[in-house]
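Below is one structure; the comments refer to it alone.
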Amino acid sequence: MRKLIAIALLGLLSTPLMAAECTTTIEASDAMQFNKKTITVPSTCKTFKVTLKHTGKLPVTAMGHNWVLSHSSDESGVIADGMKAGAANSYEKPGDARIIAHTKLIGGGESDTATIDVAKLKAGEQYAYFCTFPGHAALMKGTLSLGK
């Protein structure tokens, strides 16, 4: 009986650890910086959640940030089309198939979460994440890869 209880407890205790590896939090600041430059998504995850937390104080209209994921080769096109789409669309072209996942545009003190369908990622391919607020992608960017 004690062995069964111990096994059940171990199972319960390991669950949050397994769930935690399929999530990450990225902080963005008023200094136009992400606190992470790389993300590796474990291939064992079905979905991977990225929470963007704006640690600054400025409003969305002055220093809004989002987190957008695409193939590296699509980054410049996604940003250019996002500029045309404007703030009302979080600087993302509506229905843009090149965008794999994204958060909404947020201001200081806010957060939002994007969910990536890991089945859409391929090992060895280059993915980029960036902020599409005008001018921010020059500093606010990183790379994402599918791990083992």
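Throughout the sequence shown, residue numbering follows mature numbering (1 follows the signal peptide of the UniProt record, and there is no 0), covering -19 to -1, 1 to 129 in sequence.
Ideal placement from N, C-alpha and C gives every residue a C-beta, glycine not left out.
Just so we're clear, the structure is a prediction, and the values are computed from it rather than from any experiment.
Put simply, the backbone Cα of I80 is about 5 Å away from that of S51. Taking the Cα positions, T124 is about 9 Å away from T21.
If the five residues before and after T19 are omitted, its C-beta is found closer than 7 Å to the C-beta atoms of G123 and T124, all from its own chain and listed in chain order.
Rounded to the nearest angstrom, the Cβ distance from A12 to H35 is 12 Å, too far for a contact under 8 Å.
Boundaries of the alpha helix (DSSP H) harbouring G58: E56 to A66, taken from the DSSP string.
Taking C-beta separations shorter than 8 Å and ignoring five residues to either side along the sequence, the partners of K30 in its chain run C3, T4, T5, T94, A95, T96 and I97, following chain order. Judged by DSSP in its simplified three-state form, S24 adopts coil rather than helix or strand.
Here A78 is exposed, its C-beta having fewer than 16 other C-beta atoms within 10 Å. Per DSSP, the continuous alpha helix (DSSP H) segment holding V41 begins and ends at V41 to M44.
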